[in-house]
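Q: Position in the sequence shown counted from 1, then plus 3, gives you the working numbering.
Mind having a look at this structure? Questions to follow.
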Amino acid sequence: MIETITLAHHIAGNRREGAAAFAQDNPARADDLHVEGPEADAALVAEVVDAARQAVEALAAAGIEARADALARIGRTLGAEADRIALLIARETGKTLGDSKGEVMRAARLFDFFAGETLRNAGERFASTRPGAIVEVDHVPVGVVAAITPWNFPIAIPAWKIAPALAYGNAVLWKPSEIASATADALMAVIAGAGLPDGSVNMLLGMGDAGRAIVEADGVDAVSFTGSVATGARVRAAAAERGARVQLEMGGVNGLIVMADADLDNAVDCAVNGAFFAAGQRCTATSRMIVGDAIADRFIDAVRERVAALKIGDPTDAATQVGPLAAPHQKETIARQVAAVEASGAKPVFGGSGAAMEQCFYAPTLFDCAAPEGTLGQEEIFGPVAGVFRVSGFDEAMTVLNGNRFGLSAGICTRSLLHAEEFKRRARAGMKMVNLPTAGVDYHAPFGGVADSSYGPREQGRAARAFYTNMTTSYVKAL
Ligand code: UN1
Numbered sequence: 004m005i006e007t008i009t010l011a012h013h014i015a016g017n018r019r020e021g022a023a024a025f026a027q028d029n030p031a032r033a034d035d036l037h038v039e040g041p042e043a044d045a046a047l048v049a050e051v052v053d054a055a056r057q058a059v060e061a062l063a064a065a066g067i068e069a070r071a072d073a074l075a076r077i078g079r080t081l082g083a084e085a086d087r088i089a090l091l092i093a094r095e096t097g098k099t100l101g102d103s104k105g106e107v108m109r110a111a112r113l114f115d116f117f118a119g120e121t122l123r124n125a126g127e128r129f130a131s132t133r134p135g136a137i138v139e140v141d142h143v144p145v146g147v148v149a150a151i152t153p154w155n156f157p158i159a160i161p162a163w164k165i166a167p168a169l170a171y172g173n174a175v176l177w178k179p180s181e182i183a184s185a186t187a188d189a190l191m192a193v194i195a196g197a198g199l200p201d202g203s204v205n206m207l208l209g210m211g212d213a214g215r216a217i218v219e220a221d222g223v224d225a226v227s228f229t230g231s232v233a234t235g236a237r238v239r240a241a242a243a244e245r246g247a248r249v250q251l252e253m254g255g256v257n258g259l260i261v262m263a264d265a266d267l268d269n270a271v272d273c274a275v276n277g278a279f280f281a282a283g284q285r286c287t288a289t290s291r292m293i294v295g296d297a298i299a300d301r302f303i304d305a306v307r308e309r310v311a312a313l314k315i316g317d318p319t320d321a322a323t324q325v326g327p328l329a330a331p332h333q334k335e336t337i338a339r340q341v342a343a344v345e346a347s348g349a350k351p352v353f354g355g356s357g358a359a360m361e362q363c364f365y366a367p368t369l370f371d372c373a374a375p376e377g378t379l380g381q382e383e384i385f386g387p388v389a390g391v392f393r394v395s396g397f398d399e400a401m402t403v404l405n406g407n408r409f410g411l412s413a414g415i416c417t418r419s420l421l422h423a424e425e426f427k428r429r430a431r432a433g434m435k436m437v438n439l440p441t442a443g444v445d446y447h448a449p450f451g452g453v454a455d456s457s458y459g460p461r462e463q464g465r466a467a468r469a470f471y472t473n474m475t476t477s478y479v480k481a482l
């Protein structure tokens, strides 16, 4: 029996229905879940911007303690409802139940963290060069902030945009991915019960057209986007056109260096987790294993053995470690990219173009002797596909690591403190991991990349304030 969920936009506390414009089915099985929802247009965006503008006033009037309480309440409710929401994430996006539960808890902690930050938004005070005057610096709300979020972290990424936006007094216009809209609706239900003023968080559904209408809307003061490089470039251009603030988190072709002196067991754990968990659908996933010649054969054998033992299957089964890709078109894209890699002469160690399975499943795929300038070295493949790049030593490893236009996350497995420090100094990446997978970040530390991976200020942690506030400088002379 297929459950059908028909979604609506959420505008200032009310549901707004519309003709179904997109659909998402459980990517692991055909007989379970069908989600559909409408597409927002420019008129709807304008209506939301008005409601949100009023909410900015109401949020200021409510005061910081009311906002902190509301954020803490959202965190608590998410924690209490984690099992129910995790099951929905697994059914809608194919993320394993364990990962989904972990993600809901991460979202809960993000709301909790920013509940605290609401009260800690302190300014600065200077003596003025003009005798008798003082200078005060305040961090004030930007206004109406749009959050455009992807499906691969369908609740944590929205949380790390919505929570700081509210903490610092902004109202939110959120457009979740059409692949994760039922999960988004579940988060909206939790937010609705938190006691925030109507219009503080509004959700418009849809695909590219809705996203474009939001980014181009005049009253949207800032846009925080996580998604593909191609879409990110369009968001940046449209926001720049009208002078709106923009923050982009996009792709990565992240590399993990495995030095000959590494703890091999740990390095294999890092590589397998980074490349294949979440079916490789993390922008921090490991696409490139940059391995010292001396241990490459042993490393590959150990990876093959570890991957053969992975339990691939229904994400709602608690024992499953790797689920499907999120949607049929994702699987088609991966299949096309893998075929291109094979056409260039590469032979898979395991997986490959025959690895497409039933529904949206795609088996882990690893190529040996990958060329740094080829597809595996240069192009993001948002699936369980990685290449081994054999190198002669540390310097060559660093050259390969920094050899593409991205710079999100990078890792090294080594027992050498010298190489770990050199790696931290020379790796061109926003996140640097020593003896840890390239994926998996904390919620209280800054997150973001360099080069073509990111644009604008960092997300998460206290660093998030830079994007969600304007600085004002006041000069006061008491007479
Ligand atoms: C993580 O690795 O824990 O879309 C987070 C992504 C990133 C988040 C990664 N923005 O995969």
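Each residue gets a CB set at the ideal place from its N, CA and C atoms; glycine is no exception.
(1) For P134, does the count of other Cβ atoms within 10 angstroms reach 16, so buried, or fall short, so exposed?
(2) Count the other C-beta atoms from every protein chain shown that fall within 10 angstroms of the C-beta of N29, then say buried if there are 16 or more, exposed otherwise.
(3) Please give the ranges of any alpha helix (DSSP H) in the segment 231-299, keeping only runs that are unbroken, at least 4 residues long and fully inside the region.
(4) Short check: CB of T96 to CB of P157, under 7 Å?
(5) Under 7 Å, do F409 and V256 count as touching if we go by C-beta distance?
(6) How is I158 classed by DSSP in three states: helix, strand or coil?
(7) If you draw a straight line from the C-alpha of G230 to the C-alpha of Y458, how long is it?
(8) Give a single yes or no on whether R285 has its beta carbon closer than 6 Å to a heavy atom of the ligand UN1.
(9) Exposed or buried, which one is E361 when buried takes at least 16 other CB atoms within 10 Å?
(10) Does the beta-carbon of K480 have 16 or more other beta-carbons within 10 angstroms, so that it is buried, or is it exposed?
(11) Between N155 and the ligand UN1, is there a pair consisting of the residue's CB and a ligand heavy atom that are separated by less than 6 Å?
(12) Excluding sequence positions up to five away, which residues of its chain have a Cβ less than 7 Å from the Cβ of I14?
(13) Provide the residue span of the alpha helix (DSSP H) that contains A195, from first to last.
(14) I315: which of Y365, G258, D455, Q333 sits nearest, CA to CA?
(15) Considering D141, what are the terminal residues of the beta strand (DSSP E) in which it resides?
(16) In its own chain, which residues sit with a C-beta less than 6 Å from the C-beta of A469, not counting the 5 before and 5 after it?
(17) Please state whether the Cβ-Cβ distance between G295 and A270 is less than 7 Å.
(18) In this structure, what does DSSP give as the bridge partners for M401?
(19) So is M474 buried or exposed if we call it buried at 16+ other beta carbons inside 10 Å?
(20) Under 8 Å, with one C-beta from each stretch per pair, do the segment 165-184 and the segment 207-223 reach the 3-pair mark?
A: Concretely, from the data shown:
(1) What you label residue 134 is simply residue 131 of the sequence shown in a count that begins at 1. Counting other Cβ atoms within 10 Å of its Cβ, P134 stays below 16 and is therefore classed as exposed.
(2) Here the question's residue 29 lines up with position 26 in the sequence shown. Label assigned to N29: buried.
(3) You should have 232-244, 267-279.
(4) Residue numbering aside, residue 96 sits at position 93 when the sequence shown is read from its first letter. Residue numbering aside, residue 157 sits at position 154 when the sequence shown is read from its first letter. Judged by their CB atoms, T96 and P157 are nearer to each other than the 7 Å cut-off.
(5) The sequence position of residue 409 within the sequence shown is 406, counting from 1. The sequence position of residue 256 within the sequence shown is 253, counting from 1. One thing to note: F409 has its Cβ within 7 Å of the Cβ of V256.
(6) Reading the sequence shown from its first residue, position 155 is the one you call residue 158. DSSP places I158 in coil when its eight states are reduced to three.
(7) The sequence position of residue 230 within the sequence shown is 227, counting from 1. The sequence position of residue 458 within the sequence shown is 455, counting from 1. Annotation: G230 to Y458 spans about 12 Å, alpha carbon to alpha carbon.
(8) Taking the first residue of the sequence shown as 1, we reach residue 285 at position 282. At least one heavy atom of the ligand UN1 is found less than 6 Å from the C-beta of R285.
(9) As a first step, residue 361 is located in the sequence shown; it is residue number 358 there, counting from the start. That one is exposed.
(10) Locating residue 480 in the sequence shown gives position 477, where the first residue counts as 1. So K480 ends up on the exposed side.
(11) Counting from 1 along the sequence shown, the entry for residue 155 is found at position 152. Relative to the ligand UN1, the nearest heavy atom lies less than 6 Å away from the CB of N155.
(12) Your numbering for residue 14 matches position 11 in the sequence shown. If we look at I14 and ignore the five residues flanking it on each side, its Cβ neighbours are E50, V51, A54, N205.
(13) Reading the sequence shown from its first residue, position 192 is the one you call residue 195. For A195, the enclosing alpha helix (DSSP H) covers residues 184-195.
(14) The residue given as residue 315 occupies position 312 in the sequence shown. Ranking the options by Cα distance to I315, first place goes to Y365.
(15) Position 138 of the sequence shown, counting from 1, holds the residue named residue 141. Boundaries of the beta strand (DSSP E) around D141: 136-144.
(16) Here residue 469 refers to the residue found at position 466 when the sequence shown is read from its first residue. Excluding sequence neighbours, A469 sits near P460.
(17) The sequence position of residue 295 within the sequence shown is 292, counting from 1. The sequence position of residue 270 within the sequence shown is 267, counting from 1. Their beta carbons are not under 7 Å apart, which means G295 does not touch A270 by this criterion.
(18) Residue numbering aside, residue 401 sits at position 398 when the sequence shown is read from its first letter. According to the DSSP secondary-structure assignment, M401 is paired through a beta bridge with no residue.
(19) Residue 474 sits at position 471 when you count from the first residue of the sequence shown. An exposed status is given to M474, since fewer than 16 other beta-carbon atoms sit within 10 Å of its beta-carbon.
(20) Touching, yes, given that three or more Cβ pairs across the two stretches are closer than 8 Å.
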